[in-house]
Amino acid sequence: MRWFEEVWNQRRTETIDEFLTEDSIAETDNGVLRGPDEFKQQVHAPMLDAFPDLHVDVEGTVTEDDSVVIRWIATGTHQGDGLGIKATGRPVQFRGVTWHRFKNDKLIGGGDYWSQDSLRRQLQDTRQ
4 MRWFEEVWNQ RRTETIDEFL TEDSIAETDN GVLRGPDEFK QQVHAPMLDA
54 FPDLHVDVEG TVTEDDSVVI RWIATGTHQG DGLGIKATGR PVQFRGVTWH
104 RFKNDKLIGG GDYWSQDSLR RQLQDTRQ
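Read in order, the letters of the sequence shown are residues 4 to 131 in the working numbering.
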């Protein structure tokens with residue numbers, strides 16, 4: 004899917020601007036985000052700061068009416084102090100599901116569901 008390839012794998016913020024409007028809503032564990040700027044500042048930049056080599060592979064999709072659900076797997080190396088954890092240099096792998104709702108080729112709503120606890124466990128120092 005173009006969103007994952009361009010936004011995450013190619014780091015093209017202009018694709019975020021192309022897909023999202025100021026009224027687009029993204030549901031996150033930290034609340035609701037509106038528009039491309041909030042998504043870039045609160046989701047995209049922190050993830051890529053923490054995992055500059057982040058790569059997302061789409062494993063499957065289901066489409067119904069104006070919605071699509073995407074199953075994905077992400078891999079990367081924790082090289083930045085993002086997500087509230089000092090850089091560990093550890094490789095990570097985590098899976099998730101994203102749903103997008105479209106209107107007139109614009110992403111008007113969506114959300115990501117993945118285990119942040121699983122990611123944090125992979126980053127914890129196990130030598131204690």
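Where a beta carbon is used, it is the ideal one built from N, C-alpha and C, also for glycine.
According to DSSP, simplified to helix, strand and coil, what is residue 127?
The answer is coil: DSSP assigns residue 127 none of H, G, I, E or B.
Which partner residues does residue 96 have in the DSSP bridge list?
Its beta-bridge partners are 78.
Are the Cβ atoms of residue 54 and residue 96 separated by less than 8 Å?
Their beta carbons are not under 8 Å apart, which means residue 54 does not touch residue 96 by this criterion.
What first and last residue would you give for the alpha helix (DSSP H) that runs through residue 18?
From DSSP, the alpha helix (DSSP H) with residue 18 extends over 16-22.
Would DSSP call residue 157 helix, strand or coil?
Nothing can be reported for residue 157, as the shown portion of the chain is limited to 4 through 131.
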